[in-house]
Structure formats: C-alpha cells, structure tokens
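Some notes on the structure that comes next.
Numbering (the working numbering), first residue to last: 38 to 335.
Written out as structure tokens, the structure is:
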C-alpha cells in the first residue's frame, strides 16, 4: 500500500450556475463567510495529510494561482500597519514552496478529462481527488475519514452520504456490500437511479482516493453523459479489477456550485464561528420569522 501524498483539485469549470457573478471571477473564489470556496478544499486536504496539491485550471483562472502565491506588497503594508491578525490569516493559507502545481485543462471535456490532465504530475501513485464545489462541514474534514479507511483497506475509496431514498435519481449511488473497517465494500455504482431500482441511498459526495491505473482508463474513455468524459465511467471499469470501498461521512457536504447550497453553507459556517455567531443569529431568526409572517398573510 502506497501512501497518499498528492491531491487533485479541479478548478477549470465555467461556473455557469452562478452567472453573472462568475463572468469575470472563478466560482471557486466565491467566499463562504470570509474564505474562498477553494480554500476549504485545500485546508481539508492538508488536514488529511496531503503533501502536494495539483490544481487543474482553465482560462481566466489565474487569480487562483495568485491567491496561493506570496504578495510582498500586501505583506509589507500589513507589517508596517501592525495588523497582526490579518498577517496571521495570510500566513495560515500560504502553501509551502514546491508543494503546489498547476496544469491546464485546455477545453471543457468533463471531470474525467480534468483528472486525466494531472496524470504526469501524479505519476504512479494513488491520489486524492476533491471537488471544490463540495464544501465539507463537520468535526473533521471528509477526506480525513476517507484516508482513515484507505489505511485499513488500500485500493480505491470514495466518500458517501445518505440521501432521502426518494431522491436517489439526483445522485451517483453505490451498492452497499459487507462492512469493512470504518466503511463498507462497494458492489456497484449507478448514476441517478430511480428510487425503485436504486441499490441503496448512499451517494458519492465528491471525495475520492483513486489508484493511478484510472489514468489509463480515462485516456481511452468514451464520452458519456453530456458528451463529456465521465470519471464515474472509468471508475466502473476500474472496479472490474480493483476493490472499491466507501467511507460514510458523518458531517455534511454543501454543494456550493448551486445557489441554495452556497447560501446554506454561509449560514452554517457563520453560525459555527464564535466571532460572528452572535452578530448573525438574531437577524437570521428575524428574517425567517418575517418571511413566515408574509407567507401566512398571502
């Protein structure tokens, strides 16, 4: 079993669900409270022990690279102004030199193609994959649980959560096999099955540990849904020769690629922070009560 040292974070998406906000700014730089969405994915990867992060970018995404770089002028201004709190916040997000790479997905051919673009940087190693739109909320990051199960099973590990059994047609669903360690064996992967035929209500939530053999499969993968190269299609082929296990996540993933998930994440993270909870709790309660009164009067 090889140690998982590297993580891939695809950030090449166009963010069409958030237009016009994402016309000139990457969707990954939209903030949940006071940190960009992509920062949460990076923090989660580092918490899980990842040593090197590979961003797969696209056009107009250079601001992400700038964000993780050093800004001497800003640091000098904050130092001379003795703004220690702001300096500490910048130092906290600074990645070590040589611990981050950027490669470009030159055309939007799907998630599978984006992952394939990282093949030469990852090499012959297992790697973690974090979809940055999915923001982890809980006592510990989702990837840490995936890593824990990987250390017990090896192979390929995917994070899952349970959805309402009537909503399986919205997700990629896995079949549940025997319990293994802190998770269970995956017997099948089905994309958006109808509730009547879904093998379970466990859905894939955007965190993975995959073996490098998936790159060869992605390189020969035929286009699937949306005329794109789908990661799930290659994972199904890989499952014919390698084991897959699922790590249930006890927290919650917010889909910050959707407006409703983005708003929910901002509320949840704001209420979880000691420095601003009291400033936002009462206004949120009042807004909800006001909306309920308007609805009742309508």
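For each residue, glycine too, the CB sits at the ideal point set by N, CA and C.
Straight-line measurement puts the Cα of residue 92 at about 18 Å from the Cα of residue 248. Residue range 193-199 is occupied by the beta strand (DSSP E) that includes residue 196. In the three-state reduction of the DSSP assignment, residue 162 falls in the coil class, being assigned neither a helical nor a strand state. Burial is judged here by how many other beta carbons sit within 10 angstroms of a residue's own beta carbon; residue 169 has at least 16 and is buried.
Rounded to whole angstroms, residue 181 and residue 84 show a C-alpha spacing of 7 Å. Its chain contains 197, 198, 200, 208, 209, 210 as the residues whose beta carbon lies nearer than 7 Å to that of residue 240, once the 5 sequence neighbours on both sides are disregarded; these appear in chain order.
Measuring C-alpha to C-alpha distances from residue 243 to each of 155, 334, 81, 215 identifies 81 as the nearest.
Per DSSP, residue 116 is not a residue of any beta strand (DSSP E); the alpha helix (DSSP H) it occupies stretches across 109-117. Residue 56 counts as exposed, since fewer than 16 other C-beta atoms from the protein chains shown sit within 10 angstroms of its C-beta. Exclusion of the five residues before and after residue 305 leaves 174 as the residues of its chain whose Cβ lies within less than 6 Å of its Cβ.
For residue 188, the three-state secondary structure derived from DSSP is helix. Closest option to residue 78, judged by alpha-carbon separation, among 143, 54, 179: 179.
Under the three-pair Cβ rule at 8 Å, the stretch 149-160 does not count as touching the stretch 101-118. Of all C-beta pairs linking the stretch 157-164 to the stretch 286-293, fewer than three are shorter than 8 Å, placing the two stretches out of contact. With a 10 Å radius around the Cβ and a threshold of 16 neighbouring Cβ atoms, residue 157 comes out exposed. With respect to residue 227, residue 233 sits apart: the two C-beta atoms are not nearer than 8 Å. In this structure, the straight-line span from the alpha carbon of residue 278 to that of residue 190 is close to 15 Å.
Under DSSP, residue 90 takes part in a beta bridge, and its partners are 44, 137. In this structure, the CA atom of residue 74 is about 25 Å from the CA atom of residue 283. Apart from sequence neighbours up to five positions away, the residues of its chain that approach residue 261 with a beta-carbon distance below 7 Å are 267, 270, ordered along the chain. Beta-bridge partners of residue 241 (DSSP): 197. For residue 273, the uninterrupted alpha helix (DSSP H) run begins and ends at 268-275, by DSSP.
In the assembly as shown, residue 318 is an exposed residue. Its beta-carbon has fewer than 16 other beta-carbons within 10 Å. Its chain contains 77, 172, 293, 302, 303, 306 as the residues whose beta carbon lies nearer than 7 Å to that of residue 69, once the 5 sequence neighbours on both sides are disregarded; these appear in chain order.
Shown here, residue 286 sits in coil according to DSSP, grouped into three states, outside any helix or strand.
Close CB contacts of residue 194 within its chain, under the 6 Å cut and outside five residues either way in sequence, are with 183, 186, 187, 246, 282, 284 (chain order).
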